[in-house]
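Heads up: the structure comes next, in structure tokens.
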Amino acid sequence: MKVVKFGGSSMADAGQYRKVRDILMADPQRKVVVVSAAGKRFSGDHKITDLLYLCYAHVKYGVDCGGVFDMIASRYLDIQHELGLELDLEPELLELKKRIDSKQISQDELVSRGEYYSAKLMAAYLGFQFVDSADWVKFNMDGTVDQEKSYAALRHQVLVGYGAVIPGFYGVMPNGAIRTFSRGGSDITGALAAAALNADVYENWTDVSGILMADPRIVDDPQAIPEVTYDELRELSYSGAQVLHEDSVFPVREKNIPVNIRNTNDPSAPGTMIQAKFEGDHDPDRFITGITGKKDFSIISLSKRGMSNQVGTLRKVLSVLERHNISVDYVPNGIDNVSVVLPTASVEKDLFTIMAEIQREVEPDTLDVHHQIAVVAAVGRKMAFRPGISGKIFAALGSSGINIRMINQGPDELNIIFGVDNKDFKNAIRVLYSSFITK
Ligand code: ADP
Ligand code: ASP
Ligand code: MG
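Under our numbering, the letters of the sequence shown match residues 13 to 451, in that order.
Right, dumping it as structure tokens:
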């Protein structure tokens, strides 16, 4: 049995619903379907989820959201009419508008309605069972998912042989309130459903033919990566390749369920296979799997003479950050200096307090902070066996005039991470891509 998840662009209009149905008909094992809210139909169009957040913001500040709500409602009603469904969402939509107007709905519940209506329509179109995620994705108080309870609840509800459609992105708190995952979270719902039902494969259908070696919005027509390990995927998605939500790896890897990223608009393309390991080596010359990155990091750097001989300096720095509930992404260090690299958004609010506390508790000789840093990662399971890769990376960047602000390599040699100025971000990715990949 296969669990198949369709992202926003695959749910954008009636034409996309037809493609989804064709994909399901082509393989009778595709029985459990997880869907996102309707995404963009064309560039410049709006994602339903964005409109729902916008609607909530209006209401919060006492502004009528009628216009935005009508855009949302008509997207779904158009699909309903165009597919000639018997199901009529209109009464439910009117009910929702009333609750919005009387401020009787939380932000999470309101934005979750995007996937809810998608799933309702898709279930009606396919003649499948609708299984509400509020009835099985069970959050703990701390926002993690209670997997055991959730899996049992889903197994209890899904009639597998029959076919089921499940809305992604949300679940329920112990007190019954709807809660959503972070953005892009329908991927997690799909992974949880695959794990709960012990699927043979988790297919994730999107608008690109797999994970590409670089972000297609930065590099022109990048090659698709045929095979990726769970470890590499974790690195790639954490460091920026947001094809698949970074947290969707855990449930499937625990059960060793392979993930196959596929393209709804090009169903014959094999896409990317993700699993624990691969036998043989299809492409021995390719030792970087992918290049990703994110902008807007800050580096806090400090130096202190004799630091390498003193116990506890790094601990003190980290405990200041811990007190402010800030997690650190990278900790590059030298003998008498250390830096911590973290997303600017996470330190912005408390930065001056944090700097003052580090100054007081660590008493460094120098203490600086740099903003507008982008972190770029070259990821590849085969880098561990290849000497000279970092050299090649630095030569390529150097000859393009890109200054490297920070370097960090994981002990497992699965990635090489370096910091550049935000302004050099795209260029760094393009330079690396062309120096490594087109060979
Ligand atoms: P969905 O709505 O199906 O979940 P997303 O928009 O979340 O789709 O993810 C797919 C998009 O991710 C692609 O359209 C592409 O623009 C973007 N993307 C960024 N980096 C990569 C990459 N390395 N490989 C493939 N797609 C990428
Ligand atoms: N619709 C949600 C979002 O836009 C979840 C998802 O698409 O995965 O973030
Ligand atoms: Mg997504």
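The C-beta atom is built at its ideal place from N, Cα and C for all residues, glycine as well.
Remember, predicted model here, so these are calculated numbers, not experimental data.
Could you pull out every residue in the same chain whose Cβ sits closer than 8 Å to the Cβ of residue i, ignoring the five residues on either side in sequence?
i, result
"Glu98", "Ala136"
"Ser162", "Trp148, Val149, Lys150, Gly183, Leu204 and Ala208"
"Val80", "Leu63, Leu66, Cys67 and His70"
"Asn439", "Ser412 and Ile414"
"Gln371", "Leu379"
"Lys451", "Confidence is the limiting factor: at Lys451 the pLDDT is only 49, short of 50, which leaves the residue's position unreliable, though a coordinate-based value still follows. Only Asp297 meet the Cβ criterion."
"Arg167", "Ala208 and Leu209"
"Asp158", "Lys150, Phe151 and Asn152"
Find out if the Cβ-Cβ distance for the pair residue i, residue j is shorter than 8 Å.
i, j, result
"Tyr242", "Arg265", "yes"
"Val353", "Ile311", "yes"
"Ala126", "Ile178", "It is Gly, not Ala, that sits at residue 126 in the sequence shown. The answer is no: Cβ separation not under 8 Å."
"Ile441", "Ala226", "yes"
"Val231", "Tyr445", "yes"
"Ala50", "Met23", "yes"
"Pro263", "Val213", "no"
"Leu256", "Asp199", "yes"
"Asp433", "Gln384", "yes"
"Pro344", "Ile419", "yes"
"Glu373", "Val340", "no"
"Val359", "Leu326", "no"
"Val15", "Gly202", "yes"
"Ser48", "Gly155", "no"
"Ala194", "Val387", "The sequence shown places Ser at residue 194, rather than the Ala named in the question. No, they are not a contact pair."
Tell me the DSSP secondary structure of residue i in three-state form.
i, result
"Asn216", "strand"
"Phe406", "helix"
"Val329", "helix"
"Ile35", "helix"
"Pro103", "helix"
"Val340", "coil"
"Met418", "strand"
"Asp233", "coil"
"Phe437", "helix"
"Glu334", "helix"
"Thr455", "The structure shown has nothing for residue 455, since the chain only spans 13 to 451."
"Val16", "strand"
"Gln384", "strand"
"Lys72", "helix"
"Asn210", "coil"
"Ala176", "strand"
"Asn187", "coil"
"Lys451", "Legend: pLDDT at Lys451 = 49, less than 50; position of this residue unreliable, value from coordinates given subsequently. Three-state DSSP puts Lys451 in coil, outside helix and strand."
"Arg298", "coil"
"Arg398", "coil"
"Lys110", "helix"
"Lys161", "helix"
"Lys132", "helix"
"Phe142", "strand"
"Val45", "strand"
"Gln28", "helix"
Could you tell me how far apart the beta carbons of residue i and residue j are, in whole angstroms, since I believe they sit closer than 8 Å?
i, j, result
"Asp278", "Ile190", "That belief does not hold up - the Cβ atoms of Asp278 and Ile190 are roughly 35 Å apart, past 8 Å."
"Phe437", "Lys307", "5 Å"
"Ser315", "Thr378", "5 Å"
"Val170", "Val143", "6 Å"
"Tyr29", "Leu95", "6 Å"
"Asp362", "His382", "Not a contact, Cβ separation roughly 17 Å."
"Val172", "Met37", "That belief does not hold up - the Cβ atoms of Val172 and Met37 are roughly 17 Å apart, past 8 Å."
"Met134", "Val45", "7 Å"
"Pro234", "Leu224", "4 Å"
By Cβ distance below 6 Å, which residues in the same chain neighbour residue i in space, the five residues on each side in sequence not counted?
i, result
"Ser402", "Ile428"
"Ser221", "Ala236, Asn275, Asp278, Ala281 and Gly283"
"Arg246", "Val261"
"Asp380", "Ser313"
"Ala253", "Thr304"
"Trp217", "Phe18, Ser22, Arg274 and Thr276"
"Val369", "Per the sequence shown, residue 369 should be read as Glu rather than Val. If we look at Glu369 and ignore the five residues flanking it on each side, its Cβ neighbours are Val332."
"Arg398", "Phe299"
From the DSSP output, read off the bridge partner residues of residue i.
i, result
"Thr284", "Ile273"
"Leu379", "Leu314"
"Tyr182", "Thr192"
"Ile429", "Ala389 and Asn420"
"Glu127", "Bridge partners of Glu127: none, in fact."
"Thr241", "Gln287"
"Pro355", "Phe309"
"Thr304", "Ala389"
"Asn345", "Val350"
Leaving out the 5 sequence neighbours to the left and right, which residues in its chain are closer than 7 Å to residue i when beta-carbon positions are compared?
i, result
"Ala85", "Leu105"
"Lys267", "Ala207 and Asn210"
"Gly175", "Lys43, Leu138, Phe140 and Gln141"
"Phe448", "Ile300"
"Ile347", "Ser320"
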